[in-house]
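Since the structure comes first, as structure tokens, the remarks are kept for the end.
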DNA sequence: CGGCCCGGAATGTGATCAAATATTTTCCAG
DNA sequence: CTGGAAAATATTTGATCACATTCCGGGCCG
């Protein structure tokens, strides 16, 4: 089968054959995560099956998996679509990440090695570069990888997986919001965060990431509140 | 297809045909949640397909879904099994529920109506009855429903779903632990919790549920630490 | 003890049937 | 005669299954 998208975060053994349903899953996941699928957009099994040149069973498995993760939504009848985020949902995501991110960052800070910090710093520099270039897609991917890297450093696989799953929820809307705001106006607290981590200041790192998360999601919240108020083209 | 287990929490419209993959999912989910599947036990697609008298496609969908929720584990090669919980995992689950449960309980307390409280109280009485009867399975189901009811009252669907998903992780081990301890020695803080909720004391309710959660999972942790130390029959 | 073979299990495909949506046709009121 | 709602039809899509294919693991033989 042909799979055009770059399979990012593919830490597979070099000889390990990855099954189609796994590839389709990653493909779709990236599509949702980086807003290539608009909120509310319908996702059909047969459409994907045809477009990706794969059978329907693997597509079906991938979709069920994404639904279980909250990346897609089962519309009651038998329709599947990209969820439309509401302000209430964002509020939930804010409180969740306001707990998860600081906690995981605290753990990551006490465990991070010099190489880990170097990797994070490198990611952050690439991120700045993407912002300077006005590369929205690059910004979204790098920001995700930056935070995901911290999750992994916390040595808490279950919590990391749950926190990671939260990103799928606001991915589509994040793209819309950032496109509306423009990449220039995307301040983050990554510098403070990295400095605190380098100093071994777990509480400081936690506090920095908390501000970063709050700032980012609050912007989503604002944008959603003003946007969906007047016009709601359902 | 024949489906032996009671489909609990099936709030389906009376005329709505529930697809097979959904039924299989609920069936398997209950099996994991209440420890009918032992930790480490292998789960095969064909085995389930034969045993449930269903095609393999619905079974595959259900399994992928459970894997995404962490109820089952993909063993790298193409094997699927019930996860074997480690002490580290339980530690993660403890901190997670120590945040989720109090937060959701707080929200639930401010929103609960008299009927809601009556329903919770009734559930708790059935729970006490199950304990008195030494009915382990009944205890596990009712305890799950009790806490799930609170999650739903919080009006935070995303957080409720995540919190609910955590139960799937310790379900199999909980059964083992409770069987080891005996149903008589299963104290809980439900009475304190209900009293605080009835009084509208959100902070008190949060505190009570926090103790309840900590107490329960700490027991799992202990049991796991002493049990898996000497013998680890992999 | 290592390589080979075979059974069984997972993966992948397409066909078939049912359900839901979209489209067209029909029919009646104004 | 026209507009529009309801009914009938057509098309798209989902659900399930049977089978072909691939692959892993365990047993057997040298």
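Chains as they are written, first to last, in my numbering: chain Z, 2 to 235; chain B, 2 to 235. Beta carbons: idealized from backbone N, C-alpha and C, even for Gly. On a predicted model such as this, the values are computed, not experimentally measured, just so you know.
Inter-residue spacing [alpha-carbon to alpha-carbon] between residue i and residue j
i                      : j                      : result
residue 165 of chain B : residue 66 of chain Z  : 17 Å
residue 152 of chain B : residue 89 of chain B  : 25 Å
residue 178 of chain B : residue 211 of chain B : 20 Å
residue 120 of chain Z : residue 33 of chain Z  : 26 Å
residue 129 of chain Z : residue 97 of chain B  : 33 Å
residue 273 of chain B : residue 103 of chain Z : Outside the shown range of chain B (2 to 235) lies residue 273 of chain B, about which nothing can therefore be said.
residue 188 of chain Z : residue 101 of chain Z : 21 Å
residue 215 of chain B : residue 218 of chain Z : 31 Å
residue 64 of chain B  : residue 48 of chain B  : 12 Å
residue 227 of chain Z : residue 135 of chain B : 56 Å
residue 30 of chain Z  : residue 176 of chain Z : 14 Å
residue 10 of chain Z  : residue 139 of chain Z : Low confidence applies here, because residue 10 of chain Z scores a pLDDT of 46, under 50, leaving its location unreliable; read the following figure in that light. Distance between the alpha carbons of residue 10 of chain Z and residue 139 of chain Z: 14 Å.
residue 18 of chain Z  : residue 157 of chain Z : 27 Å
residue 193 of chain Z : residue 144 of chain Z : 15 Å
residue 43 of chain B  : residue 163 of chain Z : 24 Å
residue 223 of chain B : residue 201 of chain Z : 31 Å
residue 1 of chain Z   : residue 81 of chain Z  : No information on residue 1 of chain Z is available, as it lies outside the stretch 2 to 235 that chain Z covers here.
residue 172 of chain B : residue 78 of chain B  : 24 Å
Minimum C-alpha distance to residue i - residue among the options
i                      : options                    : result
residue 221 of chain B : B:196, B:168, B:202, B:198 : B:168
residue 27 of chain Z  : Z:128, Z:201, Z:48, Z:53   : Z:53
residue 50 of chain B  : B:39, B:62, B:158          : B:62
residue 159 of chain Z : B:68, B:204, B:207, B:187  : B:68
residue 46 of chain B  : B:31, B:75, B:40           : B:75
residue 94 of chain B  : Z:201, Z:186, Z:161        : Z:161
residue 38 of chain B  : B:48, B:133, B:83, B:71    : B:83
residue 207 of chain Z : Z:71, Z:156, Z:36, Z:99    : Z:99
residue 85 of chain B  : B:72, B:144, B:183         : B:72
residue 170 of chain Z : Z:91, Z:148, Z:181, Z:18   : Z:91
residue 137 of chain B : B:106, B:184, B:163, B:115 : B:184
residue 197 of chain Z : Z:106, Z:29, Z:79, Z:41    : Z:106
residue 87 of chain Z  : Z:204, Z:181, Z:41, Z:156  : Z:41
residue 148 of chain Z : Z:201, Z:209, Z:79, Z:133  : Z:209
residue 181 of chain B : B:205, B:150, B:131, B:225 : B:225
residue 186 of chain B : B:70, B:131, B:193         : B:131
residue 199 of chain B : B:80, B:79, B:115, B:77    : B:115
Neighbourhood of residue i by C-beta, 6 Å cutoff - its chain only, sequence neighbours within 5 removed
i                      : result
residue 191 of chain B : 125
residue 141 of chain B : 35
residue 213 of chain Z : 189, 190
residue 205 of chain B : 197
residue 127 of chain Z : 143
Cut-off 7 Å between Cβ atoms - residues of its own chain near residue i, not counting five sequence neighbours on either side
i                      : result
residue 154 of chain B : 109, 112, 113, 117
residue 146 of chain Z : 124
residue 150 of chain B : 120, 121, 124
residue 203 of chain Z : 107, 110, 111
Own chain partners of residue i with C-beta closer than 8 Å, once the 5 adjacent residues on each side are dropped
i                      : result
residue 195 of chain Z : 118, 121, 122, 125
heavy atom of the ligand COA below 7 Å from residue i C-beta
i                      : result
residue 151 of chain Z : The ligand COA is absent from the structure shown, which contains no ligands of any kind.
Inspect the CB distances between the segment 58–65 of chain B and the segment 15–34 of chain B and report whether three or more fall short of 8 Å.
-> yes
Where the segment 82–97 of chain Z meets chain B: residues whose CB sits under 9 Å from a CB there = 89, 90, 92, 93, 94, 96, 97
Members of the segment 39–70 of chain B that neighbour chain Z once the beta carbon cut-off is set at 7 Å = 58, 61, 62, 65, 66, 69, 70
Contact set between the segment 165–178 of chain B and chain Z, restricted to residues whose Cβ is under 9 Å from the partner | 166, 167, 170
Closer than 7 Å, Cβ to Cβ, to anything on chain B: give me those residues from the segment 143–156 of chain Z, in chain order.
-> none
Selection of the segment 197–211 of chain B by Cβ proximity to chain Z, strictly under 8 Å = none
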